[in-house]
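>
In this note's numbering, the protein residues as written are 23 to 234.
(1) Can the beta-carbon of residue 72 be found closer than 9 Å to that of residue 156?
(2) Look up residue 61 in the DSSP assignment and say whether it is helix, strand or coil.
(3) Below 8 Å, can you find three or more Cβ-Cβ pairs linking the stretch 131-150 to the stretch 113-123?
(4) Decide if residue 25 is buried, meaning its Cβ has at least 16 other Cβ atoms within 10 Å, or exposed.
(5) How many Å lie between residue 54 and residue 213 at the Cα?
(6) What is the DSSP secondary structure of residue 113, counted as helix, strand or coil?
(7) Nearest-angstrom Cα distance between residue 167 and residue 219?
(8) List, from N- to C-terminal side, the beta strand (DSSP E) runs of 3 residues or more that fit wholly inside the stretch 142-208.
(9) Any contact of the stretch 170-184 with the stretch 87-104, i.e. 3+ C-beta pairs under 8 Å?
(10) Chain B beta carbons: is any one of them nearer than 9 Å to that of residue 127?
(11) Report all residues from its chain with a CB closer than 7 Å to the CB of residue 181; omit the five preceding and five following residues, and keep chain order.
(12) On a Cα-Cα basis, can you pick out the residue from 159, 77, 215 that is closest to residue 145?
(13) Given residue 124, which residues of its chain have a CB within under 6 Å of its CB, disregarding the five upstream and five downstream residues?
(14) So, for residue 231: in the same chain, excluding its five sequence neighbours on each side, which residues have a beta-carbon less than 7 Å away from its beta-carbon?
(15) By how many angstroms is the C-alpha of residue 75 removed from the C-alpha of residue 66?
(16) By the 10 Å Cβ neighbour count, where 16 or more other Cβ atoms means buried, how is residue 87 classified, buried or exposed?
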């Protein structure tokens, strides 16, 4: 079939082995990676100097917070993997968590990157922790889904390449949006708006068009 919209969800692999994903399903699975990856650069590069410069939060406190949330990941990542593996859901044990996490990530990133004028350490600590937890709920099942979505080795390589290509596009887009702005607050707002719109749309595409 010529049109991408008309491609089947599955197609035979070149080797004649197990079924592999068609282009539409592959793009749908990769779609959430654009917004999820767009967060890394602004959160880990721009948030600390922004809160230190614009809101007077001590850099030492922010550094301690970033270390703490990374340590939190060491506990929550395996816990989320265990929970996702054991989730009975008609929607799918991986899809369910993508559907639940997308609005949580969108709200958390908006509150973190577009803070009120009086935001201090308590605000950034609350929403950085919330975003980290929401990220874990999204990413751990998402990566497991990618490893399971295709039974063919070449198919899994295509899935990984599509997801990482989408992630690279999201990272580049976030950097461009930030640097096009006149000031840090406007740049972070632009990234937050992009994620708040793109992630729910990407999650809907993945949940409805990609198999599990």
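Cβ atoms here follow ideal geometry from the backbone N, Cα and C, with glycine treated the same way.
To lay it out plainly:
(1) The residue labelled residue 72 in the question sits at position 50 within the chain shown. The residue labelled residue 156 in the question sits at position 134 within the chain shown. No, the pair does not count as a contact, with Cβ atoms beyond the cut-off.
(2) As a working note, residue 61 is residue 39 in the chain shown. Three-state result, residue 61: coil.
(3) no
(4) On the chain shown, residue 25 is found 3 positions in, with the first residue counted as 1. Caution is warranted here: a pLDDT of 42 is assigned to residue 25, below 50, making its placement in the model unreliable, and the coordinate value is therefore given only provisionally. With fewer than 16 Cβ atoms within 10 Å of its Cβ, residue 25 is classed as exposed.
(5) Taking the first residue of the chain shown as 1, we reach residue 54 at position 32. Taking the first residue of the chain shown as 1, we reach residue 213 at position 191. So the alpha carbons of these two residues sit roughly 15 Å apart.
(6) Here residue 113 is taken as the residue at index 91 of the chain shown, counted from 1. DSSP places residue 113 in coil when its eight states are reduced to three.
(7) Counting from 1 along the chain shown, the entry for residue 167 is found at position 145. Counting from 1 along the chain shown, the entry for residue 219 is found at position 197. The alpha-carbon atoms of residue 167 and residue 219 are separated by roughly 23 Å.
(8) none
(9) no
(10) Judged by its chain identifiers, the structure shown contains no chain B, having just a single protein chain.
(11) For this step, residue 181 is matched to residue 159 along the chain shown. 43, 48, 51, 168, 171, 172, listed in sequence order.
(12) Stepping through the chain shown from its first residue, residue 145 is reached at position 123. Cα-wise, what sits closest to residue 145 is 77.
(13) Here residue 124 corresponds to residue number 102 of the chain shown, with the count starting at 1. Within the same chain, residue 124 has close Cβ partners 221, 222, 225.
(14) Along the chain shown, one-based indexing puts residue 231 at 209. Within the same chain, residue 231 has close Cβ partners 46, 47, 50.
(15) Here residue 66 refers to the residue found at position 44 when the chain shown is read from its first residue. Here residue 75 refers to the residue found at position 53 when the chain shown is read from its first residue. Each residue's Cα considered, the two are about 15 Å apart.
(16) Position 65 of the chain shown holds residue 87. Looking at its Cβ environment, which holds 16 or more other Cβ atoms inside 10 Å, residue 87 is buried.
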